[in-house]
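J.:
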Amino acid sequence: MRRWIAPLVLLMSAHANAYVDIDEAVDQIGNGVVILDVRNNDQFAAGHINNALQVDIALRPLSSSDTDARGLAYQLAKVIQNKSQVVVMYSDTDANANKAEAALKKAGFLSIVNGGNYMDLNSALFRLCQKDNFYC
């Protein structure tokens, strides 16, 4: 029994962050895809990724384990006609980014790249900009 505990813990911890892929988000941003910021208006005004569209997801809990993202999917559908188009999205925290990604996928958006939280994604883009004069 003990020999199964360590691998099980590793699998569970890997799954917790499985959806955030900053490297893929940076690559896709370099390709000129739609960038979606799902933070609130004040956070967006304080700083955002260049060319990002802002949709305040207002992660209002319907219950302790659910999220109301109907507004997010509705607003995104007005901008993106093709639900298979690649969209890089990010939020204020990785947890909120994961919730937003799950809601968008549930609404039929097939190619969502989760950039995680704004600070980490912005830092990754900044480092790349300094190194390769990329997306500056």
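Residues -18 to -1, 1 to 118 (mature numbering (1 follows the signal peptide of the UniProt record, and there is no 0)) make up the sequence shown, in order. For glycine and all other residues, C-beta sits at the position ideal for the given N, C-alpha and C. All values derive from a computational prediction rather than experimental measurement.
1. The beta strand (DSSP E) that contains Asp19, what's its start and end?
2. Between the alpha carbons of Gly12 and Lys87, how many angstroms are there, rounded?
3. With a Cβ-Cβ cutoff of 8 angstroms, do Ser93 and Gln57 count as a contact?
4. Per the DSSP calculation, Leu35 is bridged to which residue(s)?
5. Please name the residue in Asn32, Val61 and Asp19 whose C-alpha comes closest to that of residue 127.
6. Should Asn99 be labelled buried (16 or more other beta-carbon atoms within 10 Å of its own) or exposed?
7. What beta strand (DSSP E) runs, 3 residues minimum, are completely inside the segment 70 to 103?
8. Leaving out the 5 sequence neighbours to the left and right, which residues in its chain are closer than 7 angstroms to Ala82 when beta-carbon positions are compared?
9. Report all residues from its chain with a CB closer than 8 angstroms to the CB of Asn104; omit the five preceding and five following residues, and keep chain order.
10. Does the Cβ of Asn64 have 16 or more other Cβ atoms within 10 Å, making it buried, or fewer, making it exposed?
11. May I ask you to list the residues that DSSP assigns as paired with Val2?
12. Nearest-angstrom Cα distance between Val2 and Ala85?
13. Can you tell me which of the three DSSP states Leu41 falls into?
14. Among the candidates Asn22, Asn96, Asn80 and Asp102, whose CA atom is the shortest distance from the CA of Val16?
T.: With the given structure in hand:
1. Note, Asp19: beta strand (DSSP E), Val16 to Asp19.
2. Each residue's Cα considered, the two are about 23 angstroms apart.
3. The answer is no: Cβ separation not under 8 angstroms.
4. In the DSSP output, where bridge partners are listed per residue, Leu35 has Leu18.
5. Any answer about residue 127 is impossible in this case: the structure gives the chain only from -18 up to 118.
6. The residue in question, Asn99, is buried, as its Cβ has 16 or more Cβ neighbours within 10 Å.
7. DSSP runs (the beta strand (DSSP E)) wholly in the segment 70 to 103: 94 to 99.
8. Apart from sequence neighbours up to five positions away, the residues of its chain that approach Ala82 with a beta-carbon distance below 7 angstroms are Val20, Ile39, Ala51, Leu54, Met71 and Ser73, ordered along the chain.
9. Excluding residues within five positions, the ones whose Cβ falls inside 8 angstroms are Gly29 and Ile31.
10. The residue in question, Asn64, is exposed, as its Cβ has fewer than 16 Cβ neighbours within 10 Å.
11. Beta-bridge pairing links Val2 to Asn96.
12. If I take the Cα positions, the gap works out to 15 angstroms.
13. The predicted position of Leu41 is uncertain, since its pLDDT is 48 and thus under 50; no value can be drawn from it.
14. Distances from the alpha-carbon of Val16 to those of Asn22, Asn96, Asn80 and Asp102 put Asn96 closest.
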